[in-house]
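To start, the structure itself, in structure tokens.
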Amino acid sequence: MKRNNRIRRVCVGLFAAWALHDAEEYLTMAPTSREVFSGLPEQLPIPEEFRERGISQVHVNLAMSAMGAVVAASAASGVRSGGRSTLFRGGLLAFGLHGFTHIASCLVAGRYTTGVVTSPLVVIPYWLWARRVLKRHGIRPEDPKAVVTALAVFPALAGIHALVRKILGEGSLGPEISGTAV
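This is the structure:
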């Protein structure tokens with residue numbers, strides 16, 4: 443297979459792997475968020491209203507759409523640059539590492555957490571394969587610029603959720619639980 447085709451598959455694969463992974467999150471994030479958030483250690487900066495009510499499906503949809511635009515831009519940048527752009531390589535690194543955060547959150551929570559099924563089946567294997575292909579073609583998957591770009595994704599994701607919360611207000615929260623004794 444030609445070099446350009448392999449690199450193109452790696453770059454387009456970022457968006458494809460993200461879409462498969464986010465399908466799990468789309469289906470499970472809102473329904474499980476209250477239980478997951480309320481069970482996480484208090485030291486984690488989770489807003490109290492999210493711990494009490496979780497997040498709504500509308501919140502999930504809007505946040506995923508925003509993140510999808512970021513991932514699509516990263517993949518497109520990779521296609522245009524033959525896999526060499528900092529945006530693509532940083533996005534690839536962030537995507538791969540974020541798979542481990544899903545596994546860690548499951549271990550901390552002691553139960554299923556959204557994204558934990560597709561992380562070891564899609565996210566991490568794709569990331570390892572993509573890194574291997576890039577290296578074979580003389581492209582360093584990680585360098586200081588890619589690492590800084592990857593690290594910027596994590597606060598950007600928190601910012602996306604904060605912006606969605608600001609836009610939706612109460613609509614960002616999951617349903618109130620009524621009839622529970624305190």
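Going by my numbering, the sequence shown opens with residue 443, and the numbers climb by one from there. Glycine is no exception: its CB is placed at the ideal position from the N, C-alpha and C atoms.
(message) What would DSSP say about arginine 448, mapped onto helix, strand or coil?
(response) Numbered from its first residue, the sequence shown carries residue 448 at position 6. Arginine 448: helix per DSSP, three-state reduction.
(message) Once DSSP output is grouped into helix, strand and coil, what is the label at alanine 623?
(response) Along the sequence shown, one-based indexing puts residue 623 at 181. The predicted position of alanine 623 is uncertain, since its pLDDT is 45 and thus under 50; no value can be drawn from it.
(request) Assign phenylalanine 596 to one of two classes, buried (16 or more other C-beta atoms within 10 Å of its C-beta) or exposed (fewer than that). (result) Looking up residue 596 in the sequence shown gives position 154. That one is exposed.
(request) Please determine, among His501, Ile545, Arg450, Thr591, the residue with the shortest C-alpha to C-alpha distance to proline 617. (result) For the purposes of this step, residue 617 is identified with residue 175 of the sequence shown, where counting begins at 1. Among His501, Ile545, Arg450, Thr591, the Cα nearest to that of proline 617 belongs to His501.
(message) Considering only their Cβ atoms, is the gap separating valine 512 from phenylalanine 537 smaller than 8 Å?
(response) Here the question's residue 537 lines up with position 95 in the sequence shown. Here the question's residue 512 lines up with position 70 in the sequence shown. No, the pair does not count as a contact, with Cβ atoms beyond the cut-off.
(request) Use the C-beta contact count for glutamate 466: other C-beta atoms within 10 angstroms, 16 or more gives buried, fewer gives exposed. (result) Locating residue 466 in the sequence shown gives position 24, where the first residue counts as 1. Residue environment: glutamate 466 is assigned as buried (16 or more neighbouring CB atoms within 10 Å of its CB, all protein chains considered).
(request) Taking only runs that begin and end inside the stretch 472 to 502, name each unbroken alpha helix (DSSP H) of 4 or more residues, in chain order. (result) Fully contained in the stretch 472 to 502 are the following alpha helix (DSSP H) runs of length 4 or more, in chain order: 490 to 495.
(request) Go ahead and label leucine 605 buried or exposed: buried means 16 or more other beta carbons lie within 10 angstroms of its beta carbon, across all protein chains shown. (result) Along the sequence shown, one-based indexing puts residue 605 at 163. By the neighbour-count rule (16 or more Cβ atoms within 10 Å), leucine 605 is not buried but exposed.
(request) Just tell me which of Leu456, Pro473, Gly455 has its CA closest to the CA of isoleucine 619. (result) The sequence position of residue 619 within the sequence shown is 177, counting from 1. When Leu456, Pro473, Gly455 are compared, the shortest CA-CA separation from isoleucine 619 is found for Pro473.
(message) I'd like to check one pair, histidine 540 with valine 558: are the Cβ atoms closer than 8 Å?
(response) Position 116 of the sequence shown, counted from the first residue, corresponds to residue 558. Position 98 of the sequence shown, counted from the first residue, corresponds to residue 540. Not a contact, by the Cβ cut-off of 8 Å.
(message) Rounded to the nearest angstrom, what separates glycine 481 and isoleucine 602 at their Cα positions?
(response) For the purposes of this step, residue 481 is identified with residue 39 of the sequence shown, where counting begins at 1. For the purposes of this step, residue 602 is identified with residue 160 of the sequence shown, where counting begins at 1. Near 23 Å, if we compare the C-alpha coordinates of isoleucine 602 and glycine 481.
(message) Buried or exposed for valine 478, going by 16 or more other Cβ atoms inside 10 Å?
(response) By 1-based counting over the sequence shown, the position of residue 478 is 36. It counts as buried.
(message) Please state whether the Cβ-Cβ distance between serine 519 and serine 507 is less than 8 Å.
(response) Working through the sequence shown from its first residue, we reach residue 519 at position 77. Working through the sequence shown from its first residue, we reach residue 507 at position 65. Contact: no.
(message) Given this structure, state the Cα-to-Cα distance separating serine 475 from proline 583, to the nearest angstrom.
(response) Counted from its first residue, the sequence shown places residue 475 at position 33. Counted from its first residue, the sequence shown places residue 583 at position 141. It is roughly 33 Å from the alpha-carbon of serine 475 to the alpha-carbon of proline 583.
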